[in-house]
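Note that the sequence shown covers residues 1 to 97 in UniProt numbering. C-beta: ideal position from N, C-alpha, C; glycine also. Keep in mind it's a predicted model, so treat the numbers as computed, not measured. Structure first, then comments.
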Amino acid sequence: MLALTDTAVTAIRDLMVGEDLPADAGLRITLKSGDDASLELSLASAPRPGDQVIEKSQARVFLDPAAAELLSDRSLDADVPPTGHPVFRLPRRSGAG
1 MLALTDTAVT AIRDLMVGED LPADAGLRIT LKSGDDASLE LSLASAPRPG DQVIEKSQAR
61 VFLDPAAAEL LSDRSLDADV PPTGHPVFRL PRRSGAG
């Protein structure tokens with residue numbers, strides 16, 4: 001299961017500030033189909049049916065089934081610059097694999 005670092009939790013909560021979203025909203029990660037199979041991150045009001053829900057310290061992440069499988073041995077981390085938006089990273093967890 002995807003793990004969340006404390007930095008990612010803070011970044012997710014900061015992204016929600018000022019947005020018109022319910023308290024149980026979160027960051028949704030989906031696997032985009034196509035030749036380059038990339039991930040898409042977006043704020044979502046609620047998980048979709050089949051989504052895996054990960055919660056830590058009042059931050060929620062919703063993973064579509066394909067993303068949940070792909071990221072099962074990863075951690076969601078973030079680099080947060082003093083100004084601007086966070087940059088999320090998905091390093092492999094040590095000992096995973």
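Judged by their CB atoms, T30 and D73 are not nearer to each other than the 7 Å cut-off. Inter-residue distance for P82 and I12 is about 15 Å (C-alpha atoms, whole angstroms). Contact annotation: F62 and A44 have beta-carbon atoms nearer than 7 Å.
Straight across, the Cα-Cα distance linking E40 with G84 is about 19 Å. Comparing alpha-carbon positions, the option among I54, P91, E69, R28 lying closest to D79 turns out to be P91.
By alpha-carbon distance to T5, the top candidate from A66, A59, E69 is A59. About 5 Å separates the beta carbons of S57 and V9, which is inside the 8 Å limit, making them a contact pair. Bounds of any alpha helix (DSSP H) do not take in R60; it lies within the beta strand (DSSP E) bounded by 59-63. In this chain, the alpha helix (DSSP H) harbouring V9 covers 6-16.
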